[in-house]
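K.L.:
Handing you a structure now.
Numbering (the working numbering), first residue to last: -16 to 202.
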């Protein structure tokens, strides 16, 4: 397949995904995709390449890891990570966004990604645990107190596992994010590093990379 044919196929997929996206009002994305997908030439509110670089994802992940993405939206970030890890699971409240993620997964032929349509507070993972858990600006949208949310995150992490926890806008609705980090440490996690990100040009967020202690103390 030549480049022109490939581009034409990408555009056809994007048109199909946009049709699905616009078939109902979306809370995020400012009328378009929330997350970009450079591999397919898809733009979005939050640019994937910048986020990958800022979080240092390629240094964080290894090929044998399993990853859980909470609030995975259209799945574009998860599918970007899929070639870097053993498996990735996205949990997303909105079934329409999960439909988009699954269509994109099928188009790419990505075998190591799965997307689950469920409110996080109702989702039961059973005994399953992951090496890395991603929680990107989602904790205020989950219908449970942060203390309960944090405790559930811990149950989803393997001992020694990594949590990447990102705030909402720290100047608007998440000014106490430093207290949230302290609470995670109280539950038995260690802060490895933190940073700032303003990838969409509007919202300034803090992200923290935390590691569950191998003999972590759970509340």
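Cβ coordinates follow ideal geometry from the N, Cα and C atoms, glycine included. These numbers come from a predicted model, not from an experiment.
According to DSSP, is residue 12 part of a helix, a strand, or is it coil?
P.N.:
Locating residue 12 in the chain shown gives position 29, counting from the first residue. With a pLDDT of only 46 at residue 12, under the threshold of 50, the placement of this residue in the model should not be trusted, and no figure is reported.
K.L.:
Quick check on the DSSP output: what are the complete alpha helix (DSSP H) runs of length 4 or more inside the stretch 68 to 114, in order along the chain?
P.N.:
78 to 91
K.L.:
Rounded to the nearest angstrom, what separates residue 100 and residue -9 at their Cα positions?
P.N.:
Counted from its first residue, the chain shown places residue 100 at position 117. Counted from its first residue, the chain shown places residue -9 at position 8. Their Cα atoms are separated by approximately 30 Å.
K.L.:
So for residue 142, helix, strand or coil by DSSP?
P.N.:
Here the question's residue 142 lines up with position 159 in the chain shown. If DSSP states are grouped into helix, strand and coil, residue 142 belongs with the strands.
K.L.:
In chain order, what residues of the same chain have a beta carbon less than 8 Å from the beta carbon of residue 154, not counting five sequence neighbours either side?
P.N.:
Sequence index remark: in the chain shown, residue 154 carries index 171 (1-based). For residue 154, where only same-chain residues beyond five positions count, the Cβ hits under 8 Å are 187.
K.L.:
So for residue 35, helix, strand or coil by DSSP?
P.N.:
Within the chain shown, the letter at position 52 stands for residue 35. DSSP places residue 35 in helix when its eight states are reduced to three.
K.L.:
Could you give the distance in angstroms between the alpha-carbon of residue 171 and the alpha-carbon of residue 50?
P.N.:
Position 188 of the chain shown, counted from the first residue, corresponds to residue 171. Position 67 of the chain shown, counted from the first residue, corresponds to residue 50. The straight-line gap from Cα to Cα measures roughly 20 Å.
K.L.:
Measuring only the C-alpha atoms, how far is residue 91 from residue -12?
P.N.:
Counting from one through the chain shown, the residue named residue 91 turns up at place 108. Counting from one through the chain shown, the residue named residue -12 turns up at place 5. Roughly 15 Å between the two C-alpha positions.
K.L.:
Using a Cβ-Cβ cutoff of less than 8 Å, which residues in the same chain neighbour residue 86 once the five nearest sequence positions on both sides are dropped?
P.N.:
Taking the chain shown and counting its residues from 1, the one referred to as residue 86 is at position 103. Excluding residues within five positions, the ones whose Cβ falls inside 8 Å are -4, -1, 0, 3.
K.L.:
According to DSSP, is residue 191 helix, strand or coil?
P.N.:
Working through the chain shown from its first residue, we reach residue 191 at position 208. Residue 191: strand per DSSP, three-state reduction.
K.L.:
Skipping 5 residues on each side, what residues in its chain have a beta carbon closer than 6 Å to that of residue 59?
P.N.:
Here residue 59 is taken as the residue at index 76 of the chain shown, counted from 1. So the qualifying residues of the chain are 18, 20.
K.L.:
What is the rounded straight-line gap between the Cα of residue 42 and the Cα of residue 128?
P.N.:
Here residue 42 refers to the residue found at position 59 of the chain shown. Here residue 128 refers to the residue found at position 145 of the chain shown. About 32 Å.
K.L.:
For residue 48, which three-state DSSP category applies?
P.N.:
Along the chain shown, read from residue 1 onward, the residue named residue 48 stands at position 65. Coil at residue 48, not helix or strand.
K.L.:
For residue 36, count the other beta carbons within 10 Å of its own beta carbon; 16 or more makes it buried, fewer makes it exposed. Which is it?
P.N.:
Position 53 of the chain shown, counting from 1, holds the residue named residue 36. Residue 36 comes out exposed.
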